[in-house]
Structures are given as structure tokens and as C-alpha cells.
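Some notes on the structure that comes next.
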Amino acid sequence: RLRMKRSCCIALLFAAVGLSVAQEYNCPEPNGIFADAEQCDLYYVCEKGIAKTELCEDGLLFDDSFATGRSACFPTEDRQRVRASQRSLDHLDPAVCDKFVTCSNGTGHELPCTHPLVFDAGIGSCVRKANRSPDAKICDEAEAQGSLITVEGFLPGKEVIGPHNLLTQHPVYPHPSDCQFFFTCYFGKDPNKFGCPSGQVFDAESLICKEAAEVPDCACWYNCPEDCPTTNA
1 RLRMKRSCCI ALLFAAVGLS VAQEYNCPEP NGIFADAEQC DLYYVCEKGI
51 AKTELCEDGL LFDDSFATGR SACFPTEDRQ RVRASQRSLD HLDPAVCDKF
101 VTCSNGTGHE LPCTHPLVFD AGIGSCVRKA NRSPDAKICD EAEAQGSLIT
151 VEGFLPGKEV IGPHNLLTQH PVYPHPSDCQ FFFTCYFGKD PNKFGCPSGQ
201 VFDAESLICK EAAEVPDCAC WYNCPEDCPT TNA
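Read in order, the letters of the sequence shown correspond to residues 1 to 233 in full-length UniProt numbering.
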């Protein structure tokens, strides 16, 4: 009985340590399986940006190149199978540079780059076109631009720099002619139209809905009181 209690305590200890490690690990991509930088039999399963730790069985090492097919772990004596990590690959379509394929458990998943970035297989991530390495695939730029969709006079594609001086993945834009509505663009493309509640307008500065009177450029959108500022042509 004492031995059983001791075994349970050890199991709980390892579970607690695993949870702590997972909480400290930052997933490089929202979904996928990634090797630990130091421990050869430890890896992380990321789902929606949340990491879960996994350990190979005793005597096995983790292979983050997925060369082993179904299993990510292989015998320790088979070290020649270890190679440089290759988590992300070029898209199979030679005309597509703004998407890439990442592998998880032997299954490929297509992911987009934030517009206007392109995937660089030499670097293993999305980069600006000017920063491409010699190993990056070159696509037809005109075709890539032609894939952008125009909705009600709005054309996505303009870069939006966030508060940390980084490109915003899903930027928000005001409607070009209607104060009540705005667009969000998934990875800088594919605009989706949203609207504020009746009586409110979208504030392009704070990127939230406000009462019309609080947004000077749209103060008269719903009505025009006598004191409403006007612009004479």
C-alpha cells in the first residue's frame, strides 16, 4: 500500500512538472508538433496556441523531421535518421508563395502568411519579399495581387503596423463610404464586413464602435443637428 501511494505521488509530480513546462513553452505555430530544444525525448503538441507536453517511451528519441512516418519517436541507436528540423514546406502550387504546408503526425496542413509576406523555405517562416533567401520560391506577383477581393469599394492589402511595430495579422479597416460598418481581413486578405449597432459608428482611431457624436468625421451620420459641423465645397 505504501508503494502504491509512493507511485501515485511520483506520477502526480511528473504531471505537475509537465504542466509547468507546457505553460512556459511558446508555440511557434498555433497547431503542430515541435521538439524541445534540450531534451531529446520531449516534444510539444500545440493546438490553437496551447502547448501540451509529450514524452517518447523509454529508449526512444523524438524526430521532428517526421521522417519516421506514423510515429514521431524512434530508437536511440538509430541516430543517423536525425536530420535538421523541417516543420514547414513550400506550397505544392508553383504559383502560390503566400501559403505554406506544415506537417503534423504525417499530415500536411495548409496555412497562410500575413499579407504581404511570402513563405521562405530557406528560413522556414514568412518574410517580406525584399528579405527572401536564395532558397525562397518565386511566384508571379501579378497573380498574387489579383487574388485580392474587392467588397463595396474596399480593397484589402494595405499593411497595418500594430503597437509593437509588427504587422497585424488580421487588420481592421473602416468602410470607405459607410460610417456604421467596417472590415476585418483574415491574414490581410478576404475582407469580412461587420457593423456597429444602430446609432453608433466605427472609430478608425480606436478601432471600436462609439456613439456618433464621439467621432467627429461621422458625427452627422444618423442625423444633422443645427450645430453639426459641415464642410463647404
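Note that beta-carbon positions come from the ideal geometry of N, C-alpha and C, so glycine has one too.
With a cut-off of 8 Å on Cβ pairs, the region 46 to 62 is in contact with the region 23 to 37, counting three or more such pairs. Sixteen is the threshold: since fewer than 16 other Cβ atoms of the shown chains lie within 10 Å of the Cβ of Cys224, the residue is exposed. With 16 or more neighbouring CB atoms inside 10 Å of its own CB, His91 falls in the buried class.
In the structure shown, Asn31 falls within a coil segment according to DSSP collapsed to helix, strand and coil. Cβ-Cβ distances below 8 Å link Asp41 to Leu55, Cys56, Leu60, Leu61, Phe62, Cys73 in the same chain, with the five nearest sequence neighbours on each side left out; the list follows chain order.
For Glu54, the uninterrupted beta strand (DSSP E) segment begins and ends at 50 to 55. Taken atom to atom, the span from the alpha-carbon of Asp120 to that of His109 is near 16 Å. Contact between Asp98 and Val118 holds: CB atoms are separated by about 5 Å, below the 8 Å threshold. Where Val127 is concerned, the enclosing beta strand (DSSP E) starts and stops at 125 to 127.
Annotated three-state conformation of Asp120 is strand, per DSSP.
When only Cα atoms are considered, Pro176 and Gln39 end up about 53 Å apart.
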